[in-house]
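Each remark here refers to the structure printed beneath this line.
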Amino acid sequence: PKETIFPHRKPSPVIFEEAFVRARNLGWTDGAWWHVGDDLAIDVAAASRLGLRTVYVDRPERVENRFSLTSAEKLAARQAEADSEPDLTVSSLRGLADKIQ
1 PKETIFPHRK PSPVIFEEAF VRARNLGWTD GAWWHVGDDL AIDVAAASRL
51 GLRTVYVDRP ERVENRFSLT SAEKLAARQA EADSEPDLTV SSLRGLADKI
101 Q
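Numbers 1 to 101, taken from the UniProt record's numbering, label the letters of the sequence shown in order.
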């Protein structure tokens, strides 16, 4: 693990940029990258700012069943304040690979 990455958390661009470097070293092109996440502000907006294509996994039940130190009200407010739209929205990961090819 790199000490320069792990002090950072999403939505910091540092972790996305490091992942980009590693993916490129494996031969990936930027166009092959999709960031999949379940938080509009932390996942979708952060990845969109770096030009990544994004998938938002919108599972309404996750707010009720999620372990988080953040209240459901704060989570909902954070989602409402997100400044980016996902390229694709799904309700589950089932069949996602077919949708992004």
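Using N, Cα and C, we set each Cβ at its ideal position, and we do this for glycine too.
In the structure shown, the three-state DSSP call for Leu-52 is coil. Here Leu-93 carries a coil assignment [DSSP, helix/strand/coil]. Around Leu-88, the same chain offers Val-55 as residues with beta carbons nearer than 6 Å, after the five sequence neighbours per side are excluded. Excluding the 5 residues flanking it on each side, Ser-84 has same chain C-beta neighbours closer than 7 Å at Val-44, Ala-45, Ser-48, in chain order. By the C-beta density criterion, Ala-76 is exposed, having fewer than 16 other C-beta atoms within 10 angstroms. About 5 Å separates the beta carbons of Asp-38 and Val-57, which is inside the 8 Å limit, making them a contact pair.
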